[in-house]
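**Student:** In the working numbering, the protein residues as written are -17 to 352. We put the beta carbon where it would ideally sit given N, CA and C, even for glycine. Treat the numbers as computed from the prediction; the structure is a model and nothing was measured.
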């Protein structure tokens, strides 16, 4: 009996001792996991200012101060993804500044909706703070089932692949809007995406709300939901460009078959114009007389090179006829057997404008000129 009792007592003490070790060792294991991360976000400070413009549309100004500890030499800096759409429309996102804690401008690039801060030629080690400032618009939505205008925001997105040691979120609402807040319906959620685990919020003043968290694991974030009375914010209105965009897309789609037909027509026309489908017909040469040179003089020059064939006189007379100085008439005279063709030449134009050798030729033919 005593032996059994002693054995049972020993087992119970062993189990209790193991449980104590397990409970005591859990924080150490979690902290060790965080410490071994290549990058740790030491502090994530988010300041949000919510208001409305002259059209009563919601406007938002956000400042994020992110302090990161780089434990290895494999990173070039901060990589922060943004959601630039809300409720199926754009939010007019505008990045206003990217600076260090001291206010110095930092180099950055965009890859889609992901902001990369740092230099591609430089690796970062140790602790570094990045300060991002940006503005947005139309970031509230009306819910008929709850009869509220709601500001719903992932103030710390659940997409960070690194642990976050400390988070602080401060929301400042325009004092004019503070009286429209349904504070009893305000909600705060912490954890992974779609988590229903709640977090506490404080209200230091009528228009200020704060919340904080520690030791967020990779993939965990914070979401807040602030309801306002209906009519606090005007509904989203698409810009002129957004209104015209569907028509422009439709026009582009409709123009595709027209463009194809036009391209085919141009190709066929080009081929017909520049392509050779058959041998070209011979092109007869045309010779233009030399200026201020008669046919007889040109023939005299050409004959020395053996380039003249036929009657020079006939060529000169044809030239006179073409230029309108003479007319040649064909006459037939009957003979005893057959007919005989003769040609009469009439001067019909004042030859004073002819060259000297041309006038001399006509003068010899007609024994003088009129």
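The alpha helix (DSSP H) that contains residue 215, what's its start and end?
**Tutor:** Counting along the chain, residue 215 falls outside any alpha helix (DSSP H), and DSSP gives it neither H nor E.
**Student:** Measuring straight from C-alpha to C-alpha, what distance separates residue 337 and residue 316?
**Tutor:** When rounded, the distance between both Cα atoms is 39 Å.
**Student:** Could you check what DSSP says for residue 65 in three-state terms: helix, strand or coil?
**Tutor:** DSSP places residue 65 in coil when its eight states are reduced to three.
**Student:** Would residue 85 and residue 113 qualify as a contact pair, given that the criterion is a beta-carbon distance under 9 Å?
**Tutor:** Yes. Within cutoff.
**Student:** Could you check if residue 50 is buried or exposed, using at least 16 other CB atoms within 10 Å of its CB as the buried criterion?
**Tutor:** Per the 10 Å Cβ criterion, buried.
**Student:** Tell me where the beta strand (DSSP E) around residue 346 begins and ends.
**Tutor:** Looking at the DSSP string, residue 346 is not in any beta strand (DSSP E); the run it does join, the alpha helix (DSSP H), is 338 to 348.
**Student:** Any idea if residue 110 is buried or exposed, counting beta-carbon neighbours within 10 angstroms, 16 or more meaning buried?
**Tutor:** Counting Cβ neighbours within 10 Å, residue 110 comes out buried, since at least 16 surround it.
**Student:** For the beta strand (DSSP E) that residue 74 lies in, which residues bound it at each end?
**Tutor:** First-last for residue 74: undefined, no H or E at that position.
**Student:** For the alpha helix (DSSP H) containing residue 295, list its first residue and its last residue.
**Tutor:** Its alpha helix (DSSP H) spans residues 294 to 304.
**Student:** Helix, strand or coil for residue 169, going by three-state DSSP, please let me know.
**Tutor:** Three-state result, residue 169: strand.
**Student:** What is the DSSP secondary structure of residue 202, reduced to helix, strand or coil?
**Tutor:** Reduced to three states, the DSSP call for residue 202 is coil.
**Student:** Excluding the 5 residues preceding and the 5 following residue 37 in the sequence, name in chain order all residues of the same chain whose CB lies nearer than 7 Å to its CB.
**Tutor:** Contacts found: 216.
**Student:** Could you name the residues that DSSP lists as bridge partners for residue 92?
**Tutor:** Note: residue 92 sits in a beta bridge opposite 97.
**Student:** Count the other CB atoms within 10 Å of the CB of residue 195; is the residue buried (16 or more) or exposed (fewer)?
**Tutor:** By the neighbour-count rule (16 or more Cβ atoms within 10 Å), residue 195 is buried.
**Student:** Identify every residue that forms a DSSP beta bridge with residue 50.
**Tutor:** Answer by DSSP bridge pairing, in chain order: 23, 110.
**Student:** Between residue 66 and residue 95, how many whole angstroms is the CB-CB distance? I'm expecting something under 8 Å.
**Tutor:** Contact flag correct, Cβ pair sits at about 6 Å.
**Student:** Would you kindly work out how many angstroms separate the C-alpha atoms of residue 147 and residue 71, rounded to a whole number?
**Tutor:** Computed Cα separation, rounded: 34 Å.
**Student:** Do you know how far the Cα of residue 308 is from the Cα of residue 332?
**Tutor:** Those two C-alpha atoms are separated by around 10 Å.
**Student:** Can you give the Cα-Cα distance for residue 350 and residue 255, rounded to whole angstroms?
**Tutor:** Roughly 56 Å separates the two Cα atoms.
**Student:** Which residue comes first and which comes last in the alpha helix (DSSP H) that contains residue 159?
**Tutor:** Element bounds for residue 159: 157 to 160.
**Student:** Note the first and the last residue of the continuous alpha helix (DSSP H) segment covering residue 285.
**Tutor:** Where residue 285 is concerned, the enclosing alpha helix (DSSP H) stretches over 277 to 285.
**Student:** Less than 9 Å separating the beta-carbons of residue 63 and residue 118?
**Tutor:** Going by C-beta atoms, residue 63 is not nearer than 9 Å to residue 118.
**Student:** On a CA-only basis, which of 251, 202, 152 is nearest residue 180? Give me that one, please.
**Tutor:** Nearest option by C-alpha distance: 202.
**Student:** Could you tell me which of 152, 141, 324 sits nearest to residue 199, measuring between CA atoms?
**Tutor:** Closest option to residue 199, Cα to Cα, is 141.
**Student:** How would you label residue 79, buried or exposed, when you count the other beta carbons within 10 angstroms and need 16 or more for buried?
**Tutor:** Residue 79 should be labelled exposed.
**Student:** Taking just the CA atoms, how far does residue 164 sit from residue 145?
**Tutor:** Cα to Cα, residue 145 sits roughly 33 Å from residue 164.
**Student:** Note down, in chain order, each residue of its chain lying with its Cβ closer than 6 Å to the Cβ of residue 7, except the 5 sequence neighbours on either side.
**Tutor:** The predicted position of residue 7 is uncertain, since its pLDDT is 43 and thus under 50; a value taken from the coordinates is nonetheless stated next. Once the five neighbours on either side are set aside, residue 7 has no close Cβ partner at all.
**Student:** Buried or exposed, going by whether 16 or more other CB atoms sit within 10 Å of the CB of residue 314?
**Tutor:** The residue in question, residue 314, is exposed, as its Cβ has fewer than 16 Cβ neighbours within 10 Å.
**Student:** Nearest to residue 185 by CA position, among 176, 151, 135, 52, is which residue?
**Tutor:** The candidate whose alpha carbon is nearest that of residue 185 is 151.
**Student:** Across which residues does DSSP place residue 242 in a beta bridge pair?
**Tutor:** Looking at the DSSP assignment, residue 242 forms no beta bridge with any residue, so it has no partner.
**Student:** Helix, strand or coil for residue 4 per DSSP?
**Tutor:** For residue 4, the pLDDT reaches just 36, beneath the cut-off of 50, and the residue's location in the model is therefore unreliable, although a value from the coordinates is still provided. Helix at residue 4.
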